[in-house]
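Undergrad: What follows is a single structure, and I will ask about it in a moment.
Number of protein chains: 2
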Amino acid sequence: MKKLINDPEHVVQEGLEGMAAAHPDLVKVHFDPNYVYRVDAPVEGKVALISGGGSGHEPMHGGFVGHGMLDAACPGAVFTSPTPDQMLAATKAVDGGSGVLYVVKNYTGDVMNFEMAADLARLEGIEVESVVIDDDVAVQDSLYTAGRRGVGTTVLAEKLCGAAAEGGMSLSQVAGLCHKVNEWGRSMGMALTSCTVPHAGKPTFDLPEDEMEIGIGIHGEPGRERMKLKAADEIVEMLIEPVIHDLPFKSGNEVLLFVNSMGGTPLIELYIAYRKAHQIAEKHGLSVARNLIGSYITSLEMAGISITLLKLDSELIRLWDTPVHTPGMRWGI
Amino acid sequence: MKKLINDPEHVVQEGLEGMAAAHPDLVKVHFDPNYVYRVDAPVEGKVALISGGGSGHEPMHGGFVGHGMLDAACPGAVFTSPTPDQMLAATKAVDGGSGVLYVVKNYTGDVMNFEMAADLARLEGIEVESVVIDDDVAVQDSLYTAGRRGVGTTVLAEKLCGAAAEGGMSLSQVAGLCHKVNEWGRSMGMALTSCTVPHAGKPTFDLPEDEMEIGIGIHGEPGRERMKLKAADEIVEMLIEPVIHDLPFKSGNEVLLFVNSMGGTPLIELYIAYRKAHQIAEKHGLSVARNLIGSYITSLEMAGISITLLKLDSELIRLWDTPVHTPGMRWGI
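Same order as they appear, the protein sequences are chains A and W.
According to our numbering, the residues represented by the first sequence are 1 to 333, in order.
According to our numbering, the residues represented by the second sequence are 1001 to 1333, in order.
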């Protein structure tokens, strides 16, 4: 295992220490229980947004804490759900009196723990809503998941709902928006290589030098099919066609096209993939009104990509363009 | 070779097509000769900044074209200098009548070709200045280089000089600033794994599973020493101590601390490294006034990092904070 770490036991702790040292203008980090929260939290009168999940997907979620996005993020151990006590502590730290929305990726542990945290927070008089993101069209059930997995649309939901909350929407409105984003977003990913969880010390799965996995999950869960490596254009087609047909996206739709690196895929390859994805989207009559290209929801150093399409309307475009200032996403400020 | 590409012959062309499709609001791409240039070029009365070099280091340089940074970037083949005709064509496309500054990384081919392009441009009546960046403290001479190599400080110089040009500085002033940034910046990198040049189809160098290369160049050129893999904290110390002692940075200096991924190193590891680098800088009495963390000057999918320190004064801080809007670096807009 070749990693730039000290001790597998300390990866999450030391990564958070680095975030705290790097971004004191944006976030604070609370340790034991661990959560990253806005430096100006609680923002009085604003709906607070909290997400969380296993570590190893950076910048998601801690890197999305800041103005116009999340109020707090709860990082678990690598690829392991955070605990209800983390979520409850974060909730109490950022509640500004207008309620809290949990944005939860659909993995059994996350869903269960966020539900428990919501119950505990309500007992303390905090209004909590929870929206589960399940946008991965690759497989129906999966390791760790009943139903579809939550992947790339989560990043977009955090941006859009963060903008809505910053703009003064109520808790039920922000939750409603989050449901709409989840309904309008679809994703699928693939891997060229496995990642290695620090604790495990060896690759999560074996993938021969001439093979790839289509429909991979962000923890290396099996996808749709393992097959011989193909050209980038064919791979992109295998990802985006099922995404387009699932919603279905229809000719004339405005969309946001998000090409995401799983962590180890360099930017020049993302642009090669974006090129083809954009062509296919246009061939279907979709109008790519916004895009996002880079490493936003990763699986440690896994090589591979995911493609997310989100249907847009004027509300979503306006919210997307709203200023955001977090360690991992920034514009307008 | 596991890459998300179609044909090694088309990697640069298709990557540029992806950039053109993704960022029509920011850049245009001219093909044959290849260059990326500002959508609003030429900006009348503004000094124009041009950089370039081999492809495979994305987002550098094409991702740094836009408001407040470069006016044009000339991408060569992977790890291969662009040609004088590319540079001349880019120069004519972006010259706004106030002269053009070339920001050149110190590699023999780049230096020679940018010199030739400057001569050709001057023959056509365009005023050109050229500044060579040579900030890598790892080795004196190297494969492809007489003297020190140009690495991380290039990114900072492009941001700072871009801000200066946007703010109305004259060509000689922007060139003077670029010399100052080069004099005040120092870097060193390391690799955990090799990268694979698409044309070559196999890793540039062999690095056993338990070894790393300290002082690596951005094309995989040999560094100072190959040794057994160490803990992240020790690695960071081996990089930053020579950087600090070279300038030398002195107690009381304000600095920008830049922790850069070589491409394949995930963000959580960058934060672990940043944490230690920040601690060491503070131990030396340096005040980390600004920072930059991410993949900015990469070597395809190489795993590893580089650390750059830049001494700051109030002028550089002001220029750093100035709005920038490019595909690869954005704030304030």
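Note that CB positions come from ideal geometry on N, CA and C, so glycine has one too.
(1) Once the 5 residues before and after Thr322(A) are set aside, which same chain residues still bring their CB inside 8 Å of it?
(2) Spell out a yes or no on whether the segment 1174 to 1192 of chain W and the segment 1128 to 1141 of chain W are touching, meaning 3 or more CB-CB pairs, one atom from each, closer than 8 Å.
(3) Under the three-state reduction of DSSP, which class applies to Glu1115(W): helix, strand or coil?
(4) Taking only three categories from DSSP, how would you classify His1219(W)?
(5) What residues of chain W sit near Ser264(A), judged by a beta carbon separation below 7 Å?
(6) So Met1188(W) is in the alpha helix (DSSP H); what residue range does that whole segment cover?
(7) When you compare only the Cα positions, how much space is there between Trp320(A) and Arg1226(W)?
(8) Along the segment 1227 to 1247 of chain W, where does the CB come closer than 9 Å to a CB of chain A? Name the residues.
(9) Anything in the segment 1313 to 1333 of chain W with a Cβ closer than 9 Å to a Cβ of chain A? List those residues in chain order, please.
(10) For Lys1003(W), which residues in chain A fall below 7 Å Cβ to Cβ?
(11) Output needed for Phe1079(W): all residues of its chain with C-beta closer than 7 Å, excluding positions within five of it in sequence on either side, in chain order.
(12) Do Lys1311(W) and Leu1247(W) count as a contact pair if the criterion is CB distance below 8 Å?
(13) Rounded to whole angstroms, what's the CA-CA distance from Asn291(A) to Thr153(A)? Just pull it up for me.
(14) Can you name the residues that DSSP bridges to Pro336(A)?
(15) Counting along the chain, where does the alpha helix (DSSP H) carrying Gly162(A) start and finish?
(16) Would Ile244(A) and Leu309(A) qualify as a contact pair, given that the criterion is a beta-carbon distance under 8 Å?
(17) Under 8 Å, with one C-beta from each stretch per pair, do the segment 1255 to 1269 of chain W and the segment 276 to 289 of chain A reach the 3-pair mark?
(18) Using the beta-carbon count (16 or more within 10 Å), is Glu1336(W) buried or exposed?
(19) Could you compute how far the alpha carbon of Gly1263(W) sits from the alpha carbon of Ala232(A)?
(20) Quick check on the DSSP output: the alpha helix (DSSP H) that includes Leu1319(W) runs from which residue to which?
(21) Tell me the DSSP secondary structure of Phe64(A) in three-state form.
(22) Measuring CB to CB, does Glu127(A) end up less than 8 Å from Leu171(A)?
(23) Buried or exposed: which applies to Gly1223(W), given that a residue is buried once 16 or more other Cβ atoms fall within 10 Å of its Cβ?
(24) Taking Leu300(A) as the reference, give the member of Asp32(A), Ala191(A), Glu158(A) and Val104(A) with the closest Cα.
(25) Can the beta-carbon of Pro59(A) be found closer than 8 Å to that of Gly328(A)?
(26) Tell me where the beta strand (DSSP E) around Ile133(A) begins and ends.
(27) So, is Ser251(A) buried or exposed, given that buried needs 16 or more other C-beta atoms within 10 angstroms?
(28) Under 9 Å between beta-carbons, which chain W residues line up against Val11(A)? List them in chain order, please.
TA: This is what the structure gives:
(1) Gly68, Ala163, Glu166, Gly167 and Gly332
(2) yes
(3) helix
(4) Coil, per DSSP.
(5) The sequence as given places Gly at residue 264(A); Ser does not occur at that position. Simply Gly1264 and Glu1301.
(6) Counting along the chain, Met1188(W) falls outside any alpha helix (DSSP H), though it belongs to the beta strand (DSSP E) covering Gly1185 to Ala1191.
(7) One alpha carbon belongs to Trp320(A), the other to Arg1226(W), and they sit about 47 Å apart.
(8) Within the segment 1227 to 1247 of chain W, the residues whose Cβ lies closer than 9 Å to some Cβ of chain A are Leu1229, Ala1231, Ala1232, Asp1233, Glu1234, Ile1235 and Val1236, listed in chain order.
(9) Those would be His1325, Pro1327, Gly1328, Arg1330, Trp1331, Gly1332 and Ile1333, in chain order.
(10) Glu269
(11) Gly1054, Gly1056, Val1197 and His1219
(12) yes
(13) 13 Å
(14) Because residue 336(A) is not part of the residues shown, which for chain A are 1 to 333, the question remains open.
(15) Its alpha helix (DSSP H) spans residues Thr153 to Glu166.
(16) Yes, Cβ-Cβ distance for Ile244(A) and Leu309(A) is below 8 Å.
(17) no
(18) Chain W is shown from 1001 up to 1333; residue 1336(W) falls before or after that span and cannot be answered.
(19) 19 Å
(20) Ser1314 to Asp1321
(21) helix
(22) yes
(23) Per the 10 Å Cβ criterion, buried.
(24) Ala191(A)
(25) yes
(26) Val128 to Ile133
(27) exposed
(28) Within chain W, the residues Ile1268, Glu1269 and Ile1272 have their CB atoms less than 9 Å from the CB of Val11(A), given in chain order.
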